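FYI, in my numbering the residues of the sequence shown are 1 to 345. Glycine included, each C-beta is placed from N, C-alpha and C at the ideal position. Since we're looking at a predicted model, the values are computed, not measured.
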Amino acid sequence: MLRGAIVGLGNVALEGHLPAWKDRKDFQIAAGVDSSKERISIFKKSVPGAVTFESFDECLVRNGRDRSLLDFVDIATPPHTHFALAKAALSAGLHVLCEKPLVLKPQEIFELDALRKKSGKILMTVHNWKFAPICRKISHLVREGAVGRVKRLDWYVLRSGPSVTTEKENWRLNPEMSGGGILVDHGWHAFYLALEWLQGRPAKVSATLENRQYESLPVEDTAKVSVTLESDGGPRSAEIFLTWASRVRKNSGLLEGTEGRILMEDDKLILDIGPASPQTFAFEAALSAGSHHPDWFNFVIDEFLSEISDASLAGRNFDKARACLELIEKSKASSAKGGAEMACS
């Protein structure tokens with residue numbers, strides 16, 4: 001059994017991560033870290049046997065004395081803290097599972113890449129949307145070749161505003177803490193899904209970031225991103241639209257392949273492969289429903305365990321995270337230049 005600490009006991013940790021960890025027989029949450037006494041109290045009631053700390057430094061000192069305390073950390077703090085926490089954990093010989101975005105700056109991901117390789121530990125980002133039932137079905141259809149070679153993804157995320165946080169000041173609206181607006185908040189999800197389904201290497205990006213409704217916000221409320229990917233089967237593309245300025249909450253998408261298409265409308269998929277009548281798959285919950293998704297997170301834990309257990313899988317998630325960060329950075333640069341096309345490395 002692997003023992004871990006959750007660092008940051010906000011809504012995502014307590015309502016999304018912790019319920020999934022508690023259902024596992026192969027993992028145990030042995031510690032919790034947060035500066036809020038209120039959140040520490042809630043955590044203790046849920047995990048009575050765990051030890052708690054007000055800072056991660058205190059946790060690492062205790063772990064240094066008691067090497068049996070921790071094998072990994074689950075970082076669920078605001079994005080601007082991720083780099084320092086992940087660096088400290090890897091340096092202490094711990095595996096790291098971290099909420100998205102993994103980090104905010106290219107230099108940070110280069111440094112963590114070197115450190116994870118040196119330590120031999122896993123550094124993985126929570127890419128939970130690919131484990132939503134409707135997204136898992138899309139992945140299954142793509143792997144089966146149901147629509148032939150996938151050529152294009154259209155992806156739409158509509159929200160009426162940013163998600164709330166446990167802090168009085170919503171860190172998602174502070175660019176120094178969040179790294180950006182909806183581009184970072186939902187763009188990261190869109191990018192790893194595009195990489196998962198299109199199976200290509202990012203080649204070019206163009207983007208427009210704007211404030212359609214919340215003009216006073218220091219971060220964008222709307223993002224339009226076009227991505228061209230290279231693959232052995234030829235170029236592939238993704239058109240992504242994300243907004244906090246909608247009157248409705250909805251997710252939708254379209255995957256086009258050489259032999260058909262998959263239409264996604266929040267709680268249903270339509271598989272259209274030509275002469276045959278379209279096939280519809282209905283899902284109990286809409287993709288846009290809720291924010292915490294402990295059922296999706298259980299699959300994230302499975303992926304985390306796979307990378308820890310199988311050296312041939314180690315680093316796959318990290319490579320996707322590195323690509324997501326580059327796409328975000330190039331999208332910002334493109335928007336700053338009026339939507340100019342930017343080459344990816």
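Give every residue of the same chain whose Cβ lies closer than 7 Å to the Cβ of residue i, excluding the five residues on either side of it in the sequence, and list them in chain order.
{"i": "Glu99", "result": "Val12, Ile75, Ala76, Val126"}
{"i": "Gly257", "result": "Val147, Gly148, Arg149, Val150, Lys151"}
{"i": "Ser335", "result": "Ala207, Thr208, Leu209"}
{"i": "Ala333", "result": "Met342"}
{"i": "Lys130", "result": "Ser139, Tyr192, Leu193, Glu196"}
{"i": "Gly315", "result": "none"}
{"i": "Leu94", "result": "Leu70, Asp71, Phe72, Val73, Lys121"}
Give the range of the beta strand (DSSP E) segment to which residue i is assigned.
{"i": "Arg152", "result": "150-158"}
{"i": "Ser231", "result": "First-last for Ser231: undefined, no H or E at that position."}
{"i": "Asn251", "result": "250-257"}
{"i": "Glu210", "result": "201-210"}
{"i": "Arg236", "result": "236-243"}
Determine, using beta carbons only, whether residue i and residue j come nearer to each other than 8 Å.
{"i": "Phe358", "j": "Leu2", "result": "Outside the displayed span of the chain (1 to 345) sits residue 358, for which this structure offers no information."}
{"i": "Ala50", "j": "Gly64", "result": "no"}
{"i": "Leu115", "j": "Leu90", "result": "yes"}
{"i": "Ala203", "j": "Cys344", "result": "yes"}
{"i": "Ile122", "j": "Ile308", "result": "yes"}
{"i": "Gly120", "j": "Phe297", "result": "no"}
{"i": "Val300", "j": "Asn128", "result": "yes"}
{"i": "Ile138", "j": "Leu269", "result": "yes"}
{"i": "Trp197", "j": "Leu153", "result": "yes"}
{"i": "Ala30", "j": "Leu85", "result": "no"}
{"i": "Leu173", "j": "Leu217", "result": "yes"}
{"i": "Gly181", "j": "Val205", "result": "no"}
{"i": "Val73", "j": "Gly4", "result": "yes"}
{"i": "Ser160", "j": "Arg247", "result": "yes"}
{"i": "Leu255", "j": "Arg261", "result": "yes"}
Need the endpoints of the alpha helix (DSSP H) that residue i sits in, please.
{"i": "Ser91", "result": "82-91"}
{"i": "Ser331", "result": "316-336"}
{"i": "Phe53", "result": "No alpha helix (DSSP H) contains Phe53, which is instead part of the beta strand (DSSP E) from 51-53."}
{"i": "Ser139", "result": "133-144"}
{"i": "Tyr214", "result": "Per DSSP, Tyr214 belongs to no alpha helix (DSSP H) and is neither H nor E."}
{"i": "His189", "result": "187-198"}
{"i": "Pro175", "result": "175-178"}
Quick check: is any heavy atom of the ligand HEM less than 7 Å from the C-beta of residue i?
{"i": "Ala276", "result": "Judged by which ligands are present, the structure shown has none, so any question about the ligand HEM falls away."}
I'd like to confirm the pairing. Which residues does DSSP put opposite residue i in its beta bridges?
{"i": "Asp272", "result": "Arg261"}
{"i": "Met342", "result": "Val205"}
{"i": "Leu123", "result": "Val96"}
{"i": "Ala5", "result": "Ala31, Val73"}
{"i": "Ser224", "result": "A quick correction: the sequence has Lys, not Ser, at residue 224. According to DSSP, Lys224 bridges with Thr208, Phe241."}
Suppose the cutoff is 6 Å on Cβ atoms and the five residues either side in sequence are ignored; what does the same chain contact list for residue i look like?
{"i": "Cys324", "result": "Trp188, Phe191, Tyr192"}
{"i": "Pro78", "result": "Trp171, Met177"}
{"i": "Glu265", "result": "Ser252"}
{"i": "Ile109", "result": "Val103, Arg322, Leu325"}
{"i": "Phe304", "result": "Leu97, Met124"}
{"i": "Thr222", "result": "Glu210, Arg212, Thr243, Ala245"}
{"i": "His186", "result": "Val157, Leu242"}
{"i": "Asp267", "result": "Phe283, Ala286"}
{"i": "Gln279", "result": "Leu271"}
{"i": "Phe318", "result": "Leu123"}
{"i": "Ile240", "result": "Trp155, Ala190, Val225"}
{"i": "Gly200", "result": "Leu229, Glu230, Ser231, Arg236"}
Quick one: residues in its chain with C-beta nearer than 8 Å to the C-beta of residue i, no 5 flanking neighbours on either side, listed in chain order?
{"i": "Ala132", "result": "Leu287, His293, Trp296"}
{"i": "Ala311", "result": "none"}
{"i": "Leu112", "result": "Phe83, Ala86, Lys87, Leu90, Leu102, Val103, Leu123"}
{"i": "Ser46", "result": "Leu14, Leu18, Lys22"}
{"i": "Gly179", "result": "Pro79, His80, Pro101, Leu104, Ile328"}
{"i": "Ser277", "result": "none"}
Complete alpha helix (DSSP H) runs within the segment 272-310 (minimum length 4 residues, chain order):
294-309
Complete beta strand (DSSP E) runs within the segment 23-59 (minimum length 3 residues, chain order)
27-33, 51-53
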